[in-house]
Every structure is written in C-alpha cells, then in structure tokens.
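Working notes, beginning with the structure itself.
There are 4 protein chains.
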Amino acid sequence: MKVKIGDESCAVKRTPGRPRSERARQAILNSTLEFLEQRENGFANLTIEYVAARAGVGKATVYRWWPNKAALVADAFASSVTHKLFFPDTGSVCDDIAQQMQQLVKIFRSRRGHVVSAILGAGQSDSTLVTAFRDRFLKPRRVEAYATLRRGIERGELPKNLDLDHVLDALYGPIYMRFLIKHDGLTPEFVDQQCQLVLRQVLPCVKASKSLSKASGK
Amino acid sequence: MKVKIGDESCAVKRTPGRPRSERARQAILNSTLEFLEQRENGFANLTIEYVAARAGVGKATVYRWWPNKAALVADAFASSVTHKLFFPDTGSVCDDIAQQMQQLVKIFRSRRGHVVSAILGAGQSDSTLVTAFRDRFLKPRRVEAYATLRRGIERGELPKNLDLDHVLDALYGPIYMRFLIKHDGLTPEFVDQQCQLVLRQVLPCVKASKSLSKASGK
Amino acid sequence: MKVKIGDESCAVKRTPGRPRSERARQAILNSTLEFLEQRENGFANLTIEYVAARAGVGKATVYRWWPNKAALVADAFASSVTHKLFFPDTGSVCDDIAQQMQQLVKIFRSRRGHVVSAILGAGQSDSTLVTAFRDRFLKPRRVEAYATLRRGIERGELPKNLDLDHVLDALYGPIYMRFLIKHDGLTPEFVDQQCQLVLRQVLPCVKASKSLSKASGK
Amino acid sequence: MKVKIGDESCAVKRTPGRPRSERARQAILNSTLEFLEQRENGFANLTIEYVAARAGVGKATVYRWWPNKAALVADAFASSVTHKLFFPDTGSVCDDIAQQMQQLVKIFRSRRGHVVSAILGAGQSDSTLVTAFRDRFLKPRRVEAYATLRRGIERGELPKNLDLDHVLDALYGPIYMRFLIKHDGLTPEFVDQQCQLVLRQVLPCVKASKSLSKASGK
DNA sequence: CAATAATCGAGACGGTACGTCACGTCTTCTT
DNA sequence: AAGAAGACGTGACGTACCGTCTCGATTATTG
Chain R
179 MKVKIGDESC
189 AVKRTPGRPR
199 SERARQAILN
209 STLEFLEQRE
219 NGFANLTIEY
229 VAARAGVGKA
239 TVYRWWPNKA
249 ALVADAFASS
259 VTHKLFFPDT
269 GSVCDDIAQQ
279 MQQLVKIFRS
289 RRGHVVSAIL
299 GAGQSDSTLV
309 TAFRDRFLKP
319 RRVEAYATLR
329 RGIERGELPK
339 NLDLDHVLDA
349 LYGPIYMRFL
359 IKHDGLTPEF
369 VDQQCQLVLR
379 QVLPCVKASK
389 SLSKASGK
Chain S
179 MKVKIGDESC
189 AVKRTPGRPR
199 SERARQAILN
209 STLEFLEQRE
219 NGFANLTIEY
229 VAARAGVGKA
239 TVYRWWPNKA
249 ALVADAFASS
259 VTHKLFFPDT
269 GSVCDDIAQQ
279 MQQLVKIFRS
289 RRGHVVSAIL
299 GAGQSDSTLV
309 TAFRDRFLKP
319 RRVEAYATLR
329 RGIERGELPK
339 NLDLDHVLDA
349 LYGPIYMRFL
359 IKHDGLTPEF
369 VDQQCQLVLR
379 QVLPCVKASK
389 SLSKASGK
Chain P
179 MKVKIGDESC
189 AVKRTPGRPR
199 SERARQAILN
209 STLEFLEQRE
219 NGFANLTIEY
229 VAARAGVGKA
239 TVYRWWPNKA
249 ALVADAFASS
259 VTHKLFFPDT
269 GSVCDDIAQQ
279 MQQLVKIFRS
289 RRGHVVSAIL
299 GAGQSDSTLV
309 TAFRDRFLKP
319 RRVEAYATLR
329 RGIERGELPK
339 NLDLDHVLDA
349 LYGPIYMRFL
359 IKHDGLTPEF
369 VDQQCQLVLR
379 QVLPCVKASK
389 SLSKASGK
Chain F
179 MKVKIGDESC
189 AVKRTPGRPR
199 SERARQAILN
209 STLEFLEQRE
219 NGFANLTIEY
229 VAARAGVGKA
239 TVYRWWPNKA
249 ALVADAFASS
259 VTHKLFFPDT
269 GSVCDDIAQQ
279 MQQLVKIFRS
289 RRGHVVSAIL
299 GAGQSDSTLV
309 TAFRDRFLKP
319 RRVEAYATLR
329 RGIERGELPK
339 NLDLDHVLDA
349 LYGPIYMRFL
359 IKHDGLTPEF
369 VDQQCQLVLR
379 QVLPCVKASK
389 SLSKASGK
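Residue numbers (this note's numbering), protein chains in the order written: chain R, 179 to 396; chain S, 179 to 396; chain P, 179 to 396; chain F, 179 to 396.
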C-alpha cells in the first residue's frame, strides 16, 4: 500500500521474505487459459484443483493471489487480450470497421474465443466478470472505434449527431449474438453484409439522422 | 379382453404402473424458476438438492425426469415462456416488430430475464442449454417473425430477396448484446431507434437491396 | 383367523377376492435362496428389489407377505432346511454322531451353507433371525441328538449325569467356529478327530491319547 | 544441500504435506466403537455419515483412510482390543487357559462384545471383515496360546504331538458358538467345565466326571 | 552469517453437493 | 382382493472440489 515516489535507483524498498514467484503466476494463468480454450470446457468446469495441479503449484498459492475463480479467469483473460484488434485508416469508415470486425470474428472463432464466451457466460451470474470484460476489452476498443467513426463524420461519410454507441451496438450486436447463441454462422460474408447493412443506413443521404442522433436528455 | 368401442381413449394406451405425478413436475419447475429469478442466483448456484427440497420432492424424482441441471432449467424456462411475445399486425412491419421487441425487452428487464441470462450464461459451457434455448425459444419466435417480415415484403414495405435471418439478427443482436454485456441501457427508446435504424429501408430513398439480398449460393 | 373344522366339501368359506398366488410365493423364496447361495452374496447384499425383479413379482407383493428382509430370509431358510440330517443307530454313539456331523459339514461346505452363514451373520444384528435358526434348525436336531446320547448312556458308553447340552456344544462348537471364522479347514478328518476328542474324554476312563496326537502327514 | 550427520531421524523421511490428524483418527474410531457397543446397533445400521458427523469430521476423511465400512470397524475393534486378554503362567495349563477364557467371555458379555458379533456377523457377507478379525485378533492370541500349551507339554501336563490348533478350537469353539447363536448361557461355570472337559488329559484318568455333571442349580 | 519472514510444494482437513441406489409406500390398471 | 408395474419421498452411498490449514523447504532482506 506504500507507494514509492521518485527514484528507485539504489533503495528499491522491497518487502522482506521470499518474493512472489513469477514462474508460478505465469504457470497458473497459462493453465487457466489452456483449459478454457478447449471446447466445452467452460468456466463452470474449470476447477482450481485442476489449475493448480496443471501448473505444478499448490492450491494455496492460487488462493493467495486470487480471491476466487472469477478473479483468476478475469486476470487470465486480461493477460490474453489480443493486441491484434486495431482499426486501420483506409479512408473509408466502412472498410476500417469491416476489417476490424473481421479480425474480431477470427478471434471469436479461434480457441481464444472460448475464453471470451467463458467470461461472458460466467459473467451472467458474477457481475465482476462482465465488468472485467467491459473494462479491459470492450471499452478500450470502443475508444478506438469512436475515433474511427469521427473520422468518417469529419470526412462527411457519416451524419453529424450520430449516437456512436448505438451505431456500434448495431454493428457488433449481431456478431455477439451469433457468437453466443450460435443459431447461425459467424462467417466473413455475414460480417461484411452486417457492416454494409448498418453503415449504409446511416449514410448522409437520407433523413434518418434525427432518429439516430443522441437523445438530448440522456 | 373387453374392448371398449366408441371409447375416445381407444388409442391412448396408458403405461402400466403409477403415473407420473403432475404435482411433482410443476413443483420442481416452479422452484427452479423461483430460484433463478432472484438476482445473483445464477445457474451455477442452483442445486438440484435445493430444487428438490423446495419442491418437497425427492432428488431421485428430479433425476428420473431430467438428465441434468441444464435440461431442467431449459424445461423450466420453456414452460414459463410468456405467451405475450407475439407480433401484432398493425399494417406496418416496423410497428409490428417494434412492439414485439418492446415486449421482449420488458421480459429481459423483469425477473424472468435472469432465467434467460442464466441459460445463455451456462450455455457457454454446456451446449445442450443453448440448443434448448434456440429450439424452444428462439426458433418458434423466428417463425412468427418471418411471417411478419413477409407481410411487409408483400406490402412493398421491404425489398424482395431479403435475408430474413440476417435482418432479424441485425434487429435483435444489439438487444441481446446489451442484455448480456450490460454496457448500456436497454431502454424503450433504444429499442425504437434500433428498429428504425435497421428497417429504414421502408422509406423511399436508399434501399440497399443488393447488399442485403440473400447470397444466391447459400 | 377363522379355522374351519371338519368337512370342506361344498362350502369352503374362502376369503373374498383374488387368492394369494402360490406361484409368487415360491418364486420369491426361490430367488432369495438362489441369491444367498452364491458366494459373497450375504444377507447385506440381498435386496428386495432384486428378489422381486428376479421372481417376476411386484415389490409390494413381497412386502405384503413378509414384514422385512429378515423375515423373508428366515422363511426362505426354513423352506430350505435339509431333511438329510439324521442320526443313524450304529450301536456306537461316537459313530452315530460322527456320521451326522459329517453330513452337517457337507451342507456347510455346499452352496446351502451360504444360507446358513447368511442367516447367522444377519442374526447378529437382528435377533429374530437367530431365533428362527434356533427354533427351526438347531432345536429339532438337538432333540434327535439327545436321543442318540441317551442311547449311549443306556449302553454304558457314556457316563450318567452327563450335561447333554454341554457335550453337544463341545462337539459342534468347533465346527460352527471354523464355519463362521474360516481360520482353518472344515475337513472330514477334523470332524472325526473332533468327535473322538470330545467323546473319548467323556468315556468312562480310557485316555485316548492316540486319537489326539497330530496326524503325522499334516 | 546441508546433510545433518548423526541425526537420528536420518531414515525417518517425513512425507510432505500436512500430516494426518491423530485427533481425527481417534475421533472416528471412537465414534465407531461407541455406536457398535449399543445393543441392536449392528454393523448394518452403522453409517459412515453418522460416524463422520459424530466425530466432527468430513466424510471424505473417513474414506481417505478406510476403504469401506468393514475396514473401519475392523480397525476400531483392533484398536480397542483390550490388553487384558493375556495368558497367566500359574504352573497349570488348565488354569492358565481357564483364566484367559474367563476374560474373553467377560468381554463377549460386555458392550464390547457387540462389536465382535457385529464384525463376525457382517463378516459372513464381507470376507475382508473376518480376515481382519482373524489377523488382528485371533492370530495374535493364538500365538500366546501356543506358548501356554507348549509349557504344559514340557511340564508333562499334555501329551506331545498335540494338534495345537485343534485343541484350541475344541476349547474356544463352544464359546464362540454360544456367543453367536445364544442358544445357551455363556456362564463362568460353563467356561470352567469346558476347559476341564477338553484338557482332562492332564489328570491321571478319572475324576472329571463330576465337573461335567450338570450344575444342580441350573 | 545467522536470524527473520514471506512464499513455495504438498496434501490433509471440515464441508457441500453431486448423481446413484434401495428403501418401503403409493397409485394405477389388470386378473 | 391380489397381482405387476412403476413412480413417489427418503436417506445413505462414495466422489469431487471447495477454501482453509499445517507441514518442511526455499529464498529473500535485515541485524
């Protein structure tokens, strides 16, 4: 709880006693991810017992650093968050976003996708998990997305007064829905059509700007 | 070997032995729903032990009729599915769908919504659950939605060759996303705007029929 | 409870309703014995469920006629009591008894012996069972044994004022002990030696030291 | 890599991990004995659930150390075996053995006797139990008995070439029989008479007839 | 360099719920 | 009225993990 300000040059005040083992920390997070990445091994099936054994670590070591399974999974998820999800700047909002969406879908369809569905699944009965998902995954991406959309607005591709959040939900919602409910394929074609469907709607052309502009009250 | 003629139960060959107790069945489903409807009582916290005790029923009776917790919950949910989720026929597709979406959101925001999130949450590590959700809840509603959309097409409100499933995902996806990730409010205004955003084709102007027409190949 | 005396010619006043099925009764007792006769299938492993199923009978039919497992087994045992256990009259007490003991040991070593050990085993926690064993098996045989011993007394082979019960326990006790504890073989040789050991002791004087000397071979 | 030299615990490699709780072990064995010592609480009525609860112990702890109920009971019995069952050395085989037999009968007639009958009873359908009884109770006592008998042989009280096991069965068999079948009393008088009946060889020839005549009182 | 202190692995502990089995009772239709 | 069929509420089974707790061993800082 003591925050050292300034220079750490010579006197890095370390706590006495054996320091935390970085090897153990990594092994625990890795065995957690490894488990979640397997199909049909959701959060519910994950056991601390297994994680510890797989990591070659005592159970107490897990509990010493993570208060519960959810915290462990949230941490493991955060440490796995891909850095490949960026928005390019092609000059066309539609293309910028379509490309990022394709990357997202690729992740969702990979083994890493199981980690996402595990965290969203478990999050339905443990709000700390969805919170972790929003804070560590969703929001950072939204910030980038806002910028991309604003570029489009500046360029005149999109109307002003656009409810950015709504547009983004309109874009990504169907992807999350298919990802979680699996009632239909999460194909690249679907992604492209989805992107066009939504962004064509908000193209200047028309008059709909009013219905989409953010309600002043809220 | 007396054969009752004219008996209406002629073909209703009863199985021998004591018949299944309807009282027990109802009590089990009810105590399941009751539990899930409480906040923070997710699928994971639900125990068969509790369900049986609450229903005044032996555990074995639960296991006799439902192979696992997932099946029980799916059944309980299905049996509880409100019959208020219908599509009216107002003469306007947009209105028809908007009204049904509002009903859906109302359910999602009610205590019954917890059951849905419990199912979809647990379904992420138990595919039988999402399957049950799709079969018993999603598909029946889709069938009605198709009809509503087709009415709109016939009326000329919507273009022909529309990929109905995609349109429906575009409509409902954002609702499910906000419901499950809770990053933003699931308000009636949002629902209305969402409906208009997707179905704006109704109006003259644009009509991006090409991008939405079902890919011939598929 | 009404005992009809005399002629049953025309009006055998039977209780109304369907009469008890003799077939069922036999099938139940048989499947009970059949089970107990198998090695390692003691009383504890016997289930009414199995007996009923094996006999092709409803469980309730078993419970209608026998209040509990013990009563059933006691009945089954009684119905199986062999009639081959008699004492011959060879003119020598020792031979008379030795022959009967050999027959007894033969039964103990046969599959029927398992029924005896089952009933004595279960009897340790259910006194009705040992009672059944004493009344239906032990006592009838003791009556015969008394007669045999008295013949020997009359013949002068045995002393007067003999405690018959003690002598019989001295004779049979070791057999029951080996039968139940299985710490040593229940061989014909053992039986012969046992018979001689005890009866020589009670002979007027002799001192049969030889019969007690250990068999050289063993 | 410091090796302690001269350490007496050199070969006493302790197993890693938390050591077994002696408290739990004792509590489990005690609650087992306590239960069995009550009349009509046979082996069959004993539940691990009860033992664990009574001992203030998790069920798993019981199962961790004893594979089944039989092993537990055998252990509990063995641990309770009174150390009063020894053979004195009075100079007379008959007296040595008679005294030990009286002690045994005293145990059989006490509450501890229920444990013995529970073990032998249940042992009839679970061979591991009788085996445990033989190994942990019977055989150790036999070893002492052999020594006592051999002393008698050396002293000339008993003939050489005696089948020790048979003599011991002849001595103890009737006691076990009366203990298990309860057809007659297990009185101190019976024990004395039984001892004399079998070991009369000691005496020149005669006189034992009186001790075998039935006690007038009874 | 020894003392102190925190972490490590291992694994036993008291619990809770699991899913199964048999109990003894009941309800139904058939004989 | 008794039969077979079989569902019912009950309760113990033996197992799997939970999260906590000793252990001895290890690895740092401090006196």
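The beta-carbon is built from N, C-alpha and C at its ideal position, and this holds for glycine as well.
Just so you know, these numbers come straight off a predicted model, no measurement behind them.
Own chain, CB closer than 6 Å to residue i, minus 5 neighbours either side, in chain order
i	result
A393 of chain P	Model confidence at A393 of chain P stands at a pLDDT of 37, short of 50, so the residue's coordinates are unreliable; what they give is reported in the following sentence. Closer than 6 Å at the Cβ level, and outside the excluded window around A393 of chain P, lies no residue.
T239 of chain F	A202
Close beta carbons around residue i, own chain, < 8 Å, minus the five adjacent residues each side
i	result
S258 of chain S	L207, L211, R290 and V293
R267 of chain S	Contrary to the premise, residue 267 of chain S reads as Asp rather than Arg in this sequence. So the qualifying residues of the chain are D274, T326 and R329.
L364 of chain S	V283, F286, R287, I353, R356 and F357
Y241 of chain S	I226
T176 of chain F	Here chain F covers residues 179 to 396 and nothing more, so residue 176 of chain F does not appear.
F265 of chain R	D274, I275, Q277, Q278, E322, A323, A325 and T326
L349 of chain R	I275, M279, Q372, C373, V376 and L377
Proximal chain S residues relative to residue i, where beta-carbon distance stays under 7 Å
i	result
A296 of chain R	Q302 and S303
G164 of chain R	Any answer about residue 164 of chain R is impossible in this case: the structure gives chain R only from 179 up to 396.
Assumed close pair residue i, residue j - CB separation to whole angstroms, cut-off 8 Å
i	j	result
D304 of chain P	A248 of chain P	5 Å
G299 of chain F	F221 of chain F	6 Å
S288 of chain S	Q302 of chain R	Not a contact, Cβ separation roughly 16 Å.
Q371 of chain P	H344 of chain F	6 Å
Q374 of chain F	C272 of chain F	7 Å
R417 of chain P	L263 of chain P	Here chain P covers residues 179 to 396 and nothing more, so residue 417 of chain P does not appear.
L224 of chain R	H361 of chain S	With a Cβ gap of about 25 Å, L224 of chain R and H361 of chain S do not count as contacting.
Beta-carbon neighbours of residue i, restricted to chain F and to distances below 9 Å
i	result
G291 of chain P	The premise fails here: G291 of chain P is roughly 11 Å from chain F at the closest Cβ pair, so nothing lies under 9 Å.
P318 of chain P	Under the 9 Å cutoff, chain F gives no residues; its nearest Cβ is about 13 Å from P318 of chain P.
E218 of chain P	S303, D304 and S305
Residues that residue i contacts on chain R, provided the C-beta gap is smaller than 7 Å
i	result
F221 of chain S	S303
M355 of chain S	D347, Y350, G351, Y354 and M355
Endpoints, alpha helix (DSSP H) assigned at residue i
i	result
F209 of chain P	Sequence inspection shows Ser at residue 209 of chain P; the Phe mentioned does not correspond to that position. Its alpha helix (DSSP H) spans residues E200 to L214.
L375 of chain F	P366 to L377
F255 of chain F	K247 to S258
A276 of chain P	V271 to R287
W432 of chain S	Chain S is shown only over 179 to 396; residue 432 of chain S falls outside these bounds and no answer can be derived.
K262 of chain S	Here K262 of chain S belongs to no alpha helix (DSSP H), and DSSP marks it neither H nor E.
R329 of chain P	K317 to R333
G291 of chain S	R290 to G301
A397 of chain P	One cannot answer for residue 397 of chain P here, as it falls past the ends of chain P, which runs 179 to 396.
T306 of chain R	S305 to F311
Contacts that residue i makes with chain P (C-beta to C-beta distance below 9 Å)
i	result
D362 of chain F	D343, H344 and D347
G330 of chain F	Within 9 Å Cβ-Cβ: nothing; G330 of chain F doesn't reach chain P, min ~13 Å.
Beta-carbon neighbours of residue i, restricted to chain P and to distances below 7 Å
i	result
V308 of chain F	I359 and K360
Y241 of chain F	Residues of chain P passing the Cβ test: none, with the nearest at roughly 19 Å.
Within chain P, partners of residue i - CB distance below 8 Å
i	result
Q371 of chain F	D341 and H344
Under 9 Å from the C-beta of residue i: neighbouring residues of chain S
i	result
P366 of chain R	Residues of chain S passing the Cβ test: none, with the nearest at roughly 12 Å.
Per-residue contacts from residue i into chain R (C-beta, under 9 Å)
i	result
R312 of chain S	I359, K360 and H361
Residues near residue i in its chain [Cβ-Cβ closer than 7 Å; skip 5 each side]
i	result
Q280 of chain S	P366 and V369
I331 of chain S	K338 and L340
V380 of chain P	L336, P337, L340 and V345
G269 of chain P	none
W244 of chain R	L250 and D253
G236 of chain S	A230
Closer than 8 Å at the beta carbon, the chain R residues around residue i
i	result
G299 of chain S	L298, G299, A300, G301, Q302 and S303
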